Amino acid sequence: KQEVTQIPAALSVPEGENLVLNCSFTDSAIYNLQWFRQDPGKGLTSLLLIQSSQREQTSGRLNASLDKSSGRSTLYIAASQPGDSATYLCAPYNFNKFYFGSGTKLNVKP
Amino acid sequence: GAGVSQSPRYKVAKRGQDVALRCDPISGHVSLFWYQQALGQGPEFLTYFQNEAQLDKSGLPSDRFFAERPEGSVSTLKIQRTQQEDSAVYLCASSPLGTSGTAYNEQFFGPGTRLTVL
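Shown next, in the form of structure tokens:
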């Protein structure tokens, strides 16, 4: 079974900082990996999808990298804002399943 | 366009009652997933449909859990004889492609149904 670990579990930073969120997974035979954000009491919002053949994807202030062979993905958030406060989840996809870690809870202070 | 919708958004059940949770996926989406999310945890896979076929139900925790998607669109997750440990948020997600397009398959989630069993 795929095991997904996200580090750190929680992060509190002042506004404007650049951030790095880490995701590791045990089975590298994935089709893709998706990053989500989840606001309290809400569903998951897709941020980025990286196909297994890709190394990175960018959307605005977000950049996600994927090193499939080592079982790692990293989400970079540039110039963080209070509106970025949420829980961030990574989900590698294989065998018709998306596996989730417990997430990184981010708090960006004004 | 319309996203994934789920109903009810909140459900309170007495222990032993049966409940039914509904998911309306994005129109035309082939794949549909159900997840269970406990407080402070990431979602855990329950079951997967490709059109009306339930291809994977390995995550269903017991035979009290049953899911269906009879016409390949709307899906219902039914829990019989609810127990307190069933209290969680139940999330539904849909993807435009089936297993043949796995590298491109992006999931879109609904808002979830919060189930509380008293």
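Keeping their order, the protein sequence lines are chains V and G.
Positions 376 to 485 (the working numbering) are the ones given, in order, by the first sequence.
Positions 24 to 141 (the working numbering) are the ones given, in order, by the second sequence.
Beta carbons are placed, not taken as given, at the ideal position from N, Cα and C, and that holds for glycine.
In this text the structure is predicted, and so the values were computed from the model without any measurement.
Where residue i sits in the DSSP three-state scheme
{"i": "Q107/G", "result": "helix"}
{"i": "Y127/G", "result": "helix"}
{"i": "D459/V", "result": "helix"}
{"i": "L114/G", "result": "strand"}
{"i": "P467/V", "result": "strand"}
{"i": "K37/G", "result": "coil"}
{"i": "L78/G", "result": "strand"}
{"i": "L138/G", "result": "strand"}
{"i": "K376/V", "result": "coil"}
{"i": "A43/G", "result": "strand"}
{"i": "V27/G", "result": "coil"}
{"i": "F132/G", "result": "strand"}
{"i": "F97/G", "result": "In the sequence as presented, Phe is not what sits at residue 97/G; that position holds Val. In this structure, V97/G counts as coil in the three-state DSSP scheme."}
{"i": "L83/G", "result": "coil"}
{"i": "S387/V", "result": "strand"}
{"i": "F475/V", "result": "coil"}
{"i": "L481/V", "result": "strand"}
Reference residue i; option with closest CA among the options
{"i": "P485/V", "options": "L423/V, D402/V, E392/V, G435/V", "result": "E392/V"}
{"i": "G478/V", "options": "Q377/V, K376/V, L386/V", "result": "L386/V"}
{"i": "E108/G", "options": "P66/G, K37/G, V140/G", "result": "V140/G"}
{"i": "L481/V", "options": "F400/V, D402/V, F411/V", "result": "F411/V"}
{"i": "F68/G", "options": "F88/G, Y33/G, K34/G", "result": "F88/G"}
{"i": "L83/G", "options": "R38/G, Q77/G, E94/G, T70/G", "result": "T70/G"}
{"i": "A43/G", "options": "R104/G, L120/G, L100/G, S50/G", "result": "L100/G"}
{"i": "T462/V", "options": "V379/V, A384/V, Q377/V, F470/V", "result": "A384/V"}
{"i": "S98/G", "options": "S81/G, Q64/G, P48/G, P119/G", "result": "P48/G"}
{"i": "I425/V", "options": "D414/V, I382/V, F470/V, N438/V", "result": "N438/V"}
{"i": "Y33/G", "options": "G39/G, V27/G, G26/G, R45/G", "result": "R45/G"}
{"i": "S432/V", "options": "S399/V, N407/V, F473/V", "result": "One point to set straight first is that residue 432/V is Gln, not Ser, in the sequence displayed. Measuring from the Cα of Q432/V, the nearest candidate turns out to be N407/V."}
{"i": "Q106/G", "options": "V27/G, H52/G, Q40/G, Q29/G", "result": "Q40/G"}
{"i": "A404/V", "options": "S445/V, P457/V, L394/V, Q456/V", "result": "S445/V"}
Chain G contact residues for residue i, given Cβ-Cβ distances below 9 Å
{"i": "K472/V", "result": "F56, F68, Y71, D79, S81, G82"}
{"i": "S421/V", "result": "E129, Q130, F131, F132"}
Contacts of residue i in chain V (Cβ-Cβ under 7 Å)
{"i": "G65/G", "result": "L464, F475, G476, S477, G478"}
Chain-ordered chain V contacts of residue i [CB-CB under 8 Å]
{"i": "P134/G", "result": "K417, G418"}
Under 9 Å by beta carbon: chain V residues contacting residue i
{"i": "Y127/G", "result": "Y406, N407, L424, Q426"}
{"i": "L114/G", "result": "G418, L419"}
Beta-carbon proximity list for residue i, same chain, < 7 Å, skipping 5 on both sides
{"i": "L114/G", "result": "Y58, Q60, P66, F132, G133, G135"}
{"i": "R430/V", "result": "S440, L441"}
{"i": "P31/G", "result": "T136"}
{"i": "D459/V", "result": "I452, L481, V483"}
{"i": "Q456/V", "result": "E390, V483"}
beta-carbon residue i near the ligand HEM non-hydrogen atom, thresh 7 Å
{"i": "S110/G", "result": "In the structure on display, the ligand HEM does not appear, and there are no ligands present to speak of."}
Same chain only: Cβ atoms within 6 Å of residue i, ignoring 5 sequence neighbours per side
{"i": "I382/V", "result": "N397"}
{"i": "L450/V", "result": "L396, W410, A439"}
Close beta carbons around residue i, own chain, < 8 Å, minus the five adjacent residues each side
{"i": "Q77/G", "result": "T70, Y71, A90, E91, R92"}
Restricting to runs no shorter than 3 residues, where is the beta strand (DSSP E) found entirely within the stretch 389-459 of chain V? 394-400, 407-413, 419-426, 431-434, 437-442, 447-452
Could I get the ranges of all uninterrupted beta strand (DSSP E) runs contained in the stretch 46-73 of chain G, with 3 residues as the minimum, in chain order? 54-60, 67-73
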